[in-house]
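Numbering (the working numbering), first residue to last: 8 to 120. From the three backbone atoms N, C-alpha and C, an ideal C-beta is built for every residue, glycine too. Keep in mind the model is a prediction, meaning the values are calculated, not measured. To keep things clear, I will list the structure first and then write my remarks on it.
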């Protein structure tokens, strides 16, 4: 499995349960707390947390997700209902501006060797 690492903290969800499920599966985050208002997701290795809110109670952010295998990650993103807007490459990294299944922006990136 291609392990991804979340690099941001909060996402406002229109379809709350779908967003929680998407980020739980896509970034392999554990659900550490779930209420009607929010869900806290935790990376068990780094301890990093992310919060999905039920509704647009916060301004939407564009979370960054660092990955080891860009192409495998983009395939998984699309299999789970997301889509790629634009891919780009710089000398030290490559990335893709994407949208999750609800249309929230997501930045996926990988360091180049």
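Measure from the alpha carbon of residue i to the alpha carbon of each residue in the options, then state which is nearest.
i	options	result
residue 79	116, 23, 71	116
residue 103	59, 81, 25, 10	81
residue 99	49, 120, 53	120
I'd like to confirm the pairing. Which residues does DSSP put opposite residue i in its beta bridges?
i	result
residue 117	101
residue 94	103
residue 39	DSSP lists no partner for residue 39.
So residue i is in the beta strand (DSSP E); what residue range does that whole segment cover?
i	result
residue 50	It is not in any beta strand (DSSP E) - residue 50 carries neither H nor E in the DSSP assignment.
residue 80	Taken as a continuous stretch (DSSP letters only), residue 80 belongs to no beta strand (DSSP E), being part of the alpha helix (DSSP H) at 77-86.
residue 60	56-61
residue 20	17-20
What residue range does the alpha helix (DSSP H) around residue i cover?
i	result
residue 25	23-33
Please state the DSSP three-state secondary structure of residue i.
i	result
residue 71	strand
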